[in-house]
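Trainee:
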Amino acid sequence: MSTLLQARSEASTAPHATGQQRAAGRRSPLPDIDAVDRANPLAAATYVNDIYKYYRRVEPLFRVPADYMARQADINEKMRAILVDWLVEVHLKFKLMPETLFLTVSLIDRYLAVAQVARKNLQLVGVTAMLIAAKYEEIWAPEVRDFVYISDKAYDRAQILAMERKMLAALDYQLTMPTSYQYLARLLKAAGVHYEKPLALFVAYCAELCLVDYGCLRFSSTEMAAGVMYVAMRAFGKSDPYPHSLMRHAHKRREDVLHVAKEVVRVLQRAPSSSLQAVCKKYATPKFCEASAVAPPAAVLDE
Numbered sequence: 037m038s039t040l041l042q043a044r045s046e047a048s049t050a051p052h053a054t055g056q057q058r059a060a061g062r063r064s065p066l067p068d069i070d071a072v073d074r075a076n077p078l079a080a081a082t083y084v085n086d087i088y089k090y091y092r093r094v095e096p097l098f099r100v101p102a103d104y105m106a107r108q109a110d111i112n113e114k115m116r117a118i119l120v121d122w123l124v125e126v127h128l129k130f131k132l133m134p135e136t137l138f139l140t141v142s143l144i145d146r147y148l149a150v151a152q153v154a155r156k157n158l159q160l161v162g163v164t165a166m167l168i169a170a171k172y173e174e175i176w177a178p179e180v181r182d183f184v185y186i187s188d189k190a191y192d193r194a195q196i197l198a199m200e201r202k203m204l205a206a207l208d209y210q211l212t213m214p215t216s217y218q219y220l221a222r223l224l225k226a227a228g229v230h231y232e233k234p235l236a237l238f239v240a241y242c243a244e245l246c247l248v249d250y251g252c253l254r255f256s257s258t259e260m261a262a263g264v265m266y267v268a269m270r271a272f273g274k275s276d277p278y279p280h281s282l283m284r285h286a287h288k289r290r291e292d293v294l295h296v297a298k299e300v301v302r303v304l305q306r307a308p309s310s311s312l313q314a315v316c317k318k319y320a321t322p323k324f325c326e327a328s329a330v331a332p333p334a335a336v337l338d339e
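The working numbering numbers the first residue of the sequence shown as 37 and each following residue consecutively.
Okay, here's the thing in structure tokens:
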């Protein structure tokens with residue numbers, strides 16, 4: 037994920053500040069962090085500001101109520117966590133893009149927020165969400181039969197295709213939505229740390245742990261990304277965990293981000309003793325720089 041975060045961050049600048057931030061920007065203008073990418077057509081440097089401006093505008097349209105699970109009659113937060121933890125394993129087994137995982141979880145939450153789902157069909161919603169997300173994000177997406185196999189034939193092809201139609205209709209076919217992954221790519225670049233692979237992988241580790249945690253739904257994707265960045269900068273001993281350029285690109289005040297960062301630290305502290313270990317095991321490997329072994333910056337809780 038780190039490599040892709042790095043690539044995305046290289047291709048991703050901050051929109052327009054307001055009030056005191058605008059004044060501060062006039063006093064100390066931000067460097068053009070996309071200057072080195074102007075000649076790279078894959079970086080879309082010409083359009084990146086418009087892309088992130090669009091993300092910020094539509095983000096509220098895709099937020100789900102943080103208490104939506106209370107309206108589900110047959111499933112609960114723990115079942116959601118078990119599902120997402122399992123999907124992290126499936127995602128890794130299929131070697132999918134990180135965007136696919138984040139979009140998968142977003143689609144699950146959006147669907148569960150508007151439709152009643154029986155316990156026996158929760159895994160069906162999960163594999164169908166990943167099928168949809170993979171079709172949207174991947175060049176070569178897994179086939180329906182792959183999801184039949186990975187779910188141990190709990191559902192057949194017809195059931196998955198029927199759920200796909202049902203979910204897409206319920207979501208009004210709206211799949212282009214910002215997730216914390218897109219924002220993290222940008223914020224890594226804004227903070228000037230996108231080439232630091234261990235830090236970028238720790239950011240990815242934090243973000244995926246937060247996908248599993250239902251409580252993190254009370255934060256927007258932007259807030260979540262900014263909070264994760266704050267924690268990562270602290271964990272890696274950066275003198276300023278929330279520099280001016282990062283604040284400008286996140287469009288969040290330090291005090292607001294600190295509130296989110298404290299919750300991220302709590303999620304990190306709970307992770308080793310949790311029964312759900314897919315994310316921890318994934319990021320305990322050398323491939324992911326053993327990011328799960330990095331000590332959570334507990335000092336953030338006292339800030």
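Quick reminder that beta carbons are idealized off the backbone N, C-alpha and C, glycines included.
Within this structure, are the beta carbons of Arg270 and Pro277 separated by less than 8 angstroms?
Mentor: Position 234 of the sequence shown, counted from the start, is the residue given in the question as residue 270. Position 241 of the sequence shown, counted from the start, is the residue given in the question as residue 277. Contact flag set, yes.
Trainee: If contacts are defined as beta-carbon pairs under 8 angstroms, then Lys298 and Leu337 qualify, I think. What distance do you get, rounded to the angstrom?
Mentor: The residue given as residue 298 occupies position 262 in the sequence shown. The residue given as residue 337 occupies position 301 in the sequence shown. The pair is a contact, with the Cβ atoms about 6 angstroms apart (cut-off 8 angstroms).
Trainee: Assuming Asp110 and Arg155 make a contact with CB atoms under 8 angstroms, what is their CB distance in whole Å?
Mentor: Within the sequence shown, residue 110 is the residue found at index 74, counting from 1. Within the sequence shown, residue 155 is the residue found at index 119, counting from 1. With a Cβ gap of about 5 angstroms, Asp110 and Arg155 count as contacting.
Trainee: Between the C-alpha atoms of Pro178 and Leu167, what's the straight-line distance to the nearest angstrom?
Mentor: The residue you call residue 178 lines up with position 142 of the sequence shown. The residue you call residue 167 lines up with position 131 of the sequence shown. Each residue's alpha carbon lies about 7 angstroms from the other.
Trainee: Rounded to whole angstroms, what is the Cα-Cα separation between Lys318 and Met265?
Mentor: The count along the sequence shown starts at 1 and reaches residue 318 at position 282. The count along the sequence shown starts at 1 and reaches residue 265 at position 229. One C-alpha to the other measures close to 20 angstroms.
Trainee: May I ask you to verify whether the stretch 159 to 176 touches the stretch 131 to 143, counting CB pairs closer than 8 angstroms and requiring at least 3?
Mentor: In short, these stretches touch, since the Cβ pair count reaches three.
Trainee: DSSP three-state call for Phe255: helix, strand or coil?
Mentor: The residue given as residue 255 occupies position 219 in the sequence shown. Coil, per DSSP.
Trainee: Buried or exposed, going by whether 16 or more other CB atoms sit within 10 Å of the CB of Ala261?
Mentor: By 1-based counting over the sequence shown, the position of residue 261 is 225. By the 10 Å Cβ count, Ala261 comes out buried.
Trainee: Cβ of Ala14 within 8 angstroms of Cβ of Ser328?
Mentor: Past the edges of the chain, shown from 37 to 339, lies residue 14, and the structure says nothing about it.
Trainee: So, under 8 angstroms CB-CB, Leu78 and Met115 are touching, yes? Tell me the CB distance rounded to an integer number of Å.
Mentor: Counted from its first residue, the sequence shown places residue 78 at position 42. Counted from its first residue, the sequence shown places residue 115 at position 79. Incorrect: roughly 40 angstroms between the Cβ atoms, too far for contact.
Trainee: Helix or strand or just coil, what does DSSP make of Ile87?
Mentor: The residue you call residue 87 lines up with position 51 of the sequence shown. Helix.
Trainee: In three-state terms, what does DSSP make of His127?
Mentor: For the purposes of this step, residue 127 is taken as residue 91 along the sequence shown, with counting starting at 1. Helix, per DSSP.
Trainee: I need the straight-line Cα distance from Arg63 to Gln108, nearest angstrom please.
Mentor: Position 27 of the sequence shown holds residue 63. Position 72 of the sequence shown holds residue 108. At Arg63, the pLDDT of 43 sits below 50, so the modelled position is not reliable; the number obtained from the coordinates is stated separately. Taking the straight line joining both Cα atoms gives about 51 angstroms.
Trainee: Ser281 and Ala221: beta carbons closer than 8 angstroms?
Mentor: One-based indexing of the sequence shown puts residue 281 at position 245. One-based indexing of the sequence shown puts residue 221 at position 185. Going by C-beta atoms, Ser281 is not nearer than 8 angstroms to Ala221.
Trainee: Quick check: the stretch 86 to 95 against the stretch 210 to 225, are there 3 or more CB pairs under 8 angstroms?
Mentor: Flag = yes, the stretch 86 to 95 and the stretch 210 to 225 touch.
Trainee: Does Pro77 come out as helix, strand or coil in the three-state DSSP assignment?
Mentor: Within the sequence shown, residue 77 is the residue found at index 41, counting from 1. The answer is helix: DSSP assigns Pro77 an H, G or I state.
Trainee: Please identify the residue among Lys129, Val120, Val180 and Phe324 whose C-alpha is closest to the C-alpha of Ala240.
Mentor: On the sequence shown, position 204 is the one that residue 240 refers to. Closest by alpha carbon: Phe324.
Trainee: Pick from Ala151, Phe238 and His295: whose alpha carbon is nearest that of Gly263?
Mentor: Residue 263 sits at position 227 when you count from the first residue of the sequence shown. The shortest Cα separation from Gly263 among Ala151, Phe238 and His295 belongs to His295.
Trainee: Quick one: using the 10 Å Cβ neighbour count with 16 as the cut-off for buried, is Leu197 buried or exposed?
Mentor: Residue numbering aside, residue 197 sits at position 161 when the sequence shown is read from its first letter. Classification of Leu197: exposed, given that the 10 Å Cβ count is below 16.
Trainee: Which residues mark the beginning and the end of the alpha helix (DSSP H) in which Tyr69 is found?
Mentor: Within the sequence shown, numbered from 1, the residue matching residue 69 stands at position 33. Correcting the residue type first, residue 69 is Ile in the shown sequence and not Tyr. Careful: Ile69 lies outside any alpha helix (DSSP H) and carries neither H nor E.
Trainee: If you draw a straight line from the alpha carbon of Glu339 to that of Ala190, how long is it in whole angstroms?
Mentor: As a position in the sequence shown, residue 339 is number 303, starting the count at 1. As a position in the sequence shown, residue 190 is number 154, starting the count at 1. Roughly 48 angstroms separates the two Cα atoms.
Trainee: Out of Glu244, Leu224, Leu223 and Leu143, which has the shortest C-alpha to C-alpha gap to Leu204?
Mentor: For this step, residue 204 is matched to residue 168 along the sequence shown. Checked all of Glu244, Leu224, Leu223 and Leu143; the closest Cα to Leu204 is Leu143.
Trainee: Do Arg99 and Ser216 come within 8 angstroms of each other at the CB atom, strictly closer than that value?
Mentor: Position 180 of the sequence shown holds residue 216. Position 63 of the sequence shown holds residue 99. Contact flag unset, no.
Trainee: Is any heavy atom of the ligand MG found at a distance shorter than 7 angstroms from the C-beta of Arg116?
Mentor: Annotation note on the ligand MG: not contained in the displayed structure, which lists no ligands.
Trainee: Does Val184 come out as helix, strand or coil in the three-state DSSP assignment?
Mentor: Residue 184 sits at position 148 when you count from the first residue of the sequence shown. Reduced to three states, the DSSP call for Val184 is helix.
Trainee: The alpha helix (DSSP H) spanning Thr164 covers which residue range?
Mentor: Residue mapping note: residue 164 aligns to position 128 of the sequence shown, counting from 1. Residues Leu158 to Glu173.
Trainee: Rank Leu97, Val303, Val94 and Thr164 by C-alpha distance to the C-alpha of Leu123 and give the top, closest one.
Mentor: Taking the first residue of the sequence shown as position 1, residue 123 is located at position 87. Out of Leu97, Val303, Val94 and Thr164, Thr164 has the C-alpha closest to the C-alpha of Leu123.
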